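K.L.:
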Amino acid sequence: MLPRFSRFLFSFSLLSSLFSTQVAASRTKKTSDSPIKVMTISGALQEAQRLSLFLPFTTLHSSPRLNIATWSGQLEVLQDIIIHGKNAADLVMMDESDIDIACQKGLLIQMDQFTNTALPESSPKHPSSTPDNALASTISPCIIKNTAVPIHLVLSWDTKRFNRKPNWRDFWDISRNPGRRGLFKGAKGTLEIALLADNVAPEDIYAVLSTSAGVRRAFRKLNQIRPYISWWSSYTDSLTLLREGQVLMTSAAAEEIEAYNVNAQNKLGIQKNESLVTNLAWSVPAPYGRPLASGLDNVVTFISAPRQQTLFNKLFTLSTKAADKDPPSIEKPDHTTTKKLLPPSFQIDQNFWQNHYSDLQRRFMVWFSSP
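In case it helps, mature numbering (1 follows the signal peptide of the UniProt record, and there is no 0) puts the sequence shown at residues -25 to -1, 1 to 346.
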């Protein structure tokens, strides 16, 4: 269970002052029998979203109701959700590169189509919905604009059992640093880390992975520590592995480790060198034979509004910092507080994974399942 951040306590009074004068004017009379199912990523991210997005929306609107659930964010899970109708969702948070791939497969709605079709003719257009493509990101037509948040994949370790700062080469050195290791159960991010451990420079990673020899090299490197790997599927899973002493080191989201460390007696280590950066964002799954949820347009407009995203960025940043930070100002939004890249980090290449994800993920799962 993630610790409750005392740093968030002030947010209730801030939210109250922010919305108290707006509730009467903004509360809609529209009702809906079915709640909107929102699937997000568990952990510190979800807590910041709850305080900055979900709670304010339900405070201002009697409908639609929001049903918040967590998931791994993986593309294969999205396919099951949409194509096979398993746990149908109306709004999902995913990795941007996965959104690109899902968008091409028709699993997600392009936002220019959403703004053309989702708003009932009897409802006034929201300012942020005009013109028609105003909700669409320039990165991918299926990404809801203004909702991207960077996540840093770093090396983290148990400082009680390891008293120096390791790198990815140390991560692979089982003989000198005995103990289990944690890695993401998937090709993306994991293959890059394997090549970093094999002394490939960050700027050369994707050139190497673009060749058959480079792919074989990455899997050979994974084979070296395969018996010692504990696989994780979500950022909170990697934190749990480390917190409970199941692994000595793991790849993990820096934001989750930092949030845990705020209140932890035994801090977990974070190596920011050679960290990988990916972006998460919101998107709308294709309905596949069912109507779009009533009121979904209102939710999308609300969560992507600059005011809400500013508050979210401040709360998410705050959850990972010590208590000497000043509370964010609601009256004077500051758009510069989104977390900067942790140097020297490098961005996971979305174009590369858009072109190679299917083949490399299939190969990874074959390798993973083989004896």
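Idealized CB from N, CA, C, for every residue including glycine. Keep in mind that this is a model prediction, so the values were computed, not measured.
Please list the terminal residues of the continuous beta strand (DSSP E) segment that includes Leu130.
P.N.:
It spans Val124 to Asp133 - the beta strand (DSSP E) in which Leu130 sits, taken as one unbroken run.
K.L.:
What residue range is occupied by the uninterrupted beta strand (DSSP E) comprising Ala77?
P.N.:
Taken as a continuous stretch (DSSP letters only), Ala77 belongs to no beta strand (DSSP E), being part of the alpha helix (DSSP H) at Glu71 to Gln79.
K.L.:
Taking only runs that begin and end inside the region 199 to 246, name each unbroken alpha helix (DSSP H) of 4 or more residues, in chain order.
P.N.:
Complete alpha helix (DSSP H) runs here, min 4: 210 to 218 and 229 to 238.
K.L.:
So for Leu82, helix, strand or coil by DSSP?
P.N.:
Three-state result, Leu82: coil.
K.L.:
What first and last residue would you give for the beta strand (DSSP E) that runs through Ala169?
P.N.:
First-last for Ala169: Thr165 to Ala172, but that is the alpha helix (DSSP H), not the beta strand (DSSP E).
K.L.:
Residue range of the beta strand (DSSP E) that residue 347 falls in?
P.N.:
Outside the displayed range of the chain (-25 to 346) lies residue 347, so it cannot be described from this structure.
K.L.:
So is Lys163 buried or exposed if we call it buried at 16+ other beta carbons inside 10 Å?
P.N.:
Lys163 should be labelled buried.
K.L.:
CB-CB under 6 Å to residue 387, same chain, minus the five flanking residues each way: which ones, in chain order?
P.N.:
The structure shown does not extend to residue 387, since the chain is modelled only from -25 to 346, so the question has no answer here.
K.L.:
How is the alpha helix (DSSP H) around Asn326 delimited, first residue to last?
P.N.:
First-last of the alpha helix (DSSP H) with Asn326: Gln325 to Ser344.
K.L.:
For Trp143, which of helix, strand or coil comes out of DSSP?
P.N.:
In the structure shown, Trp143 sits in a helix (DSSP, three-state: H, G or I).
K.L.:
How many Å lie between Phe343 and His36 at the Cα?
P.N.:
Distance between the alpha carbons of Phe343 and His36: 46 Å.
K.L.:
For Ser250, count neighbouring C-beta atoms within 10 Å of its own C-beta (all shown protein chains included) and say buried if the count is 16 or more, exposed if not.
P.N.:
Under this definition Ser250 is a buried residue.
K.L.:
Is Asp133 buried or exposed, if buried means 16 or more other CB atoms sit within 10 Å of its CB?
P.N.:
Buried, because 16 or more other Cβ atoms sit within 10 Å of the Cβ of Asp133.
K.L.:
Can you find the residues in the same chain that come closer than 8 Å, C-beta to C-beta, to Gln79, ignoring five residues on each side of it along the sequence?
P.N.:
Result list for Gln79: Gln329, in chain order.
K.L.:
Is Leu255 helix, strand or coil by DSSP?
P.N.:
Reduced to three states, the DSSP call for Leu255 is strand.
K.L.:
Could you tell me whether the Cβ atoms of Val259 and Ile11 are closer together than 8 Å?
P.N.:
No, the Cβ-Cβ distance between Val259 and Ile11 is not below 8 Å.
K.L.:
Looking only at its own chain, which residues have a Cβ that is under 7 Å from the Cβ of Asn236, when we skip the five neighbours before and after it?
P.N.:
Excluding residues within five positions, the ones whose Cβ falls inside 7 Å are Lys242 and Leu243.
K.L.:
Does Gln49 come out as helix, strand or coil in the three-state DSSP assignment?
P.N.:
Coil at Gln49, not helix or strand.
K.L.:
Tell me whether Lys307 is buried or exposed, calling it buried when 16 or more other Cβ atoms sit within 10 Å of its Cβ.
P.N.:
Its pLDDT being 34, under 50, Lys307 is placed unreliably in this model, and the coordinates cannot settle the point.
K.L.:
Using a Cβ-Cβ distance under 8 Å, would Gln21 count as near chain D?
P.N.:
Of the chains in the structure shown, none is chain D; there is only one protein chain.
K.L.:
For a test of the three-state rule: what should DSSP assign to Thr312, helix, strand or coil?
P.N.:
Because the pLDDT of Thr312 is 35, which lies under 50, any placement of that residue in the model is unreliable, and the number read from its coordinates should be weighed accordingly. The answer is coil: DSSP assigns Thr312 none of H, G, I, E or B.
K.L.:
For Pro202, which of Trp147, Thr211 and Gly189 has the nearest alpha-carbon?
P.N.:
When only C-alpha atoms are compared, the closest one is Trp147.
K.L.:
Rounded to whole angstroms, what is the Cα-Cα separation between Val124 and Glu71?
P.N.:
Answer to the nearest angstrom: the Cα atoms are 10 Å apart.
K.L.:
Below 8 Å on the Cβ atoms is my guess for Leu130 versus Pro141; work out the distance and round it to an integer in Å.
P.N.:
Indeed they touch by this definition, with Cβ atoms about 6 Å apart.
K.L.:
Within a Cβ cutoff of 8 Å, which residues of the same chain sit near Phe327, ignoring the five residues on either side of it in sequence?
P.N.:
Result list for Phe327: Tyr181, Leu184 and Ser185, in chain order.
K.L.:
State yes or no: is the C-beta of Val222 within less than 8 Å of the C-beta of Gly154?
P.N.:
Their beta carbons are under 8 Å apart, which means Val222 touches Gly154 by this criterion.
K.L.:
For Glu230 and Cys117, I'd like the C-alpha separation in whole angstroms.
P.N.:
About 25 Å.
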